Amino acid sequence: MGRPRLSVVIASTRPGRLGPTVAQWVLEQVPDDRFEAELLDLADFALPFLDEPREPSEGNYAHEHTRRWSAAIRDTEALLVVMPEYNRGYNAALKNAIDFLYAEWEGLPVACVGYGWYAARYAKAALRQTLERVKMTVVEAPGLELGTTLVDRQVVPDDALLRELARTFEDLAAAVARSSRGPS
848 MGRPRLSVVI
858 ASTRPGRLGP
868 TVAQWVLEQV
878 PDDRFEAELL
888 DLADFALPFL
898 DEPREPSEGN
908 YAHEHTRRWS
918 AAIRDTEALL
928 VVMPEYNRGY
938 NAALKNAIDF
948 LYAEWEGLPV
958 ACVGYGWYAA
968 RYAKAALRQT
978 LERVKMTVVE
988 APGLELGTTL
998 VDRQVVPDDA
1008 LLRELARTFE
1018 DLAAAVARSS
1028 RGPS
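If you want it as structure tokens, here you go:
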């Protein structure tokens, strides 16, 4: 049995974003013995505002961009979403990407590393409701706070952040082991 695939998703698509910096740092923390990790950048999928004519729950996608996004999610056993907090909420590109799919999310273990003021706690709380609605298995994860653990566009981890992130990886691995999506 191989290691499960963990996709680290860069949720921000805006120019000048911090997402790639934070996601790369997170990727470097992934324990090699636990996961086969990869980066997925929402910007690379170029998803327009939801343009599928059918309900996502049907899984009958008309557009190639949706089929590519669906395949990327179906091919992973866990997600770690790296997301900004905007005005105490999560970003529109992430909400849109979630809304494109439905069955692909069911039972998928997910953790969200947010970044922003107050370590993105408001955005993470709002996102959790959406993730639970699409039947994902949500695992707790730390946030990065501007001016404390995210300074001058660089991650400056303290011991607490490193411990919390290590625990997140343990919890994700356990969630994958309990799910039907684990590696074969």
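So the sequence shown is residues 848 to 1031, counted in my numbering. Every residue, glycine too, gets a C-beta built ideally from N, C-alpha and C. Predicted model only: the values in this text are computed from it and were never measured.
- Message: Give me, in chain order, the residues of the same chain whose beta-carbon lies closer than 6 Å to that of Pro878; leave out the 5 immediate sequence neighbours on both sides.
- Response: For the purposes of this step, residue 878 is identified with residue 31 of the sequence shown, where counting begins at 1. So the qualifying residues of the chain are Phe1016.
Assess contact between the region 889–902 and the region 1018–1028, defined as three or more Cβ pairs (one per stretch) separated by less than 8 Å. Is contact present? no
(Q) Using only the alpha-carbon positions, how far apart do Asp922 and Arg914 sit? (A) Counted from its first residue, the sequence shown places residue 922 at position 75. Counted from its first residue, the sequence shown places residue 914 at position 67. Spanning the two alpha carbons is a distance of roughly 12 Å.
| Reduced DSSP secondary structure (H/G/I, E/B, other) of Asp946 | Taking the sequence shown and counting its residues from 1, one reaches residue 946 at position 99. Residue state, collapsed to three classes: helix.
Count the CB pairs spanning the region 986–999 and the region 955–970 that are closer than 8 Å, and state whether there are at least three. yes
Arg915: first and last residue of the uninterrupted alpha helix (DSSP H) it sits in: In the sequence shown, residue 915 corresponds to position 68, counting from 1. First-last of the alpha helix (DSSP H) with Arg915: 911–921.
Could you tell me whether the region 866–874 touches the region 928–939, where touching means 3 or more Cβ pairs closer than 8 Å? yes
| query | On the premise that Thr984 lies in contact with Leu955, defined as a C-beta separation below 8 Å, what is that separation, rounded to the nearest angstrom? | reply | Looking up residue 955 in the sequence shown gives position 108. Looking up residue 984 in the sequence shown gives position 137. Going by Cβ atoms, the distance from Leu955 to Thr984 rounds to 7 Å, so yes, they are a contact pair.
For this session: Return the first residue and the last residue of the beta strand (DSSP E) that Arg901 is part of.
Result: Along the sequence shown, one-based indexing puts residue 901 at 54. Where Arg901 is concerned, there is no enclosing beta strand (DSSP E), given that its DSSP letter is neither H nor E.
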